[in-house]
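Participant: Take a look at the following structure, please.
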Amino acid sequence: MPNSLPPGFTLAGPACTTMTEVRAGVDALDRELVALLAKRFAYMDAAARIKPARGHVRDEARKTQVIDNARAEAAKLGVPDAAIADLWERLVEASIAYELAAFDRR
Numbered sequence: 013m014p015n016s017l018p019p020g021f022t023l024a025g026p027a028c029t030t031m032t033e034v035r036a037g038v039d040a041l042d043r044e045l046v047a048l049l050a051k052r053f054a055y056m057d058a059a060a061r062i063k064p065a066r067g068h069v070r071d072e073a074r075k076t077q078v079i080d081n082a083r084a085e086a087a088k089l090g091v092p093d094a095a096i097a098d099l100w101e102r103l104v105e106a107s108i109a110y111e112l113a114a115f116d117r118r
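Numbering of the sequence shown is given in the working numbering, commencing with residue 13 and proceeding in unit increments.
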């Protein structure tokens with residue numbers, strides 16, 4: 013797949029000259045990802061509060077749409093879209109489990 017990065021998009025990794033720099037960069041990104049996931053899970057709390065019935069938590073059409081959106085975004089950025097689809101499958105399933113638990117707590 014051709015690399016079609018948006019204008020101005022740069023990858024800092026190639027500028028690293030040591031594995032210490034690479035690992036520090038990865039660790040920093042991992043912290044950012046976890047913070048973003050925390051925000052995403054907050055939306056699951058909102059969904060659990062808004063949905064009228066527990067049976068509405070799992071929405072297979074929406075799950076497919078979310079995974080397809082992530083796959084398309086990955087392809088645009090030149091990232092392996094199959095790997096992203098696999099990660100998003102896990103993320104969406106974890107989100108559903110979290111939302112079910114949140115629904116049951118209300």
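No residue lacks a Cβ here, since even glycine has one placed at the ideal position from N, Cα and C.
Can you check whether the CB of residue 46 is closer than 8 Å to the CB of residue 78?
Facilitator: Not a contact, by the Cβ cut-off of 8 Å.
Participant: In this structure, how does DSSP classify residue 91 when only helix, strand and coil are distinguished?
Facilitator: Correct three-state label for residue 91: coil.
Participant: Tell me, please, whether the stretch 83-98 touches the stretch 56-66 by the rule of three or more beta-carbon pairs shorter than 8 Å.
Facilitator: Verdict: no, contact absent.
Participant: Starting from residue 37 and walking both ways along the alpha helix (DSSP H), at which residues does that stretch end?
Facilitator: Where residue 37 is concerned, the enclosing alpha helix (DSSP H) stretches over 31-62.
Participant: For residue 71, does the three-state DSSP call read helix, strand or coil?
Facilitator: In the structure shown, residue 71 sits in coil (DSSP, three-state: anything other than H, G, I, E or B).
Participant: Let's test the definition: count the other Cβ atoms within 10 Å of the Cβ of residue 31 and tell me whether it reaches 16, buried, or not, exposed.
Facilitator: Exposed: under 16 other Cβ atoms inside 10 Å.
Participant: Mind checking residue 33: buried by the 16 CB within 10 Å criterion, or exposed?
Facilitator: When all chains shown are included, residue 33 counts as exposed.
Participant: When DSSP labels each residue in this structure, what does residue 66 get in the three-state scheme?
Facilitator: Residue state, collapsed to three classes: helix.
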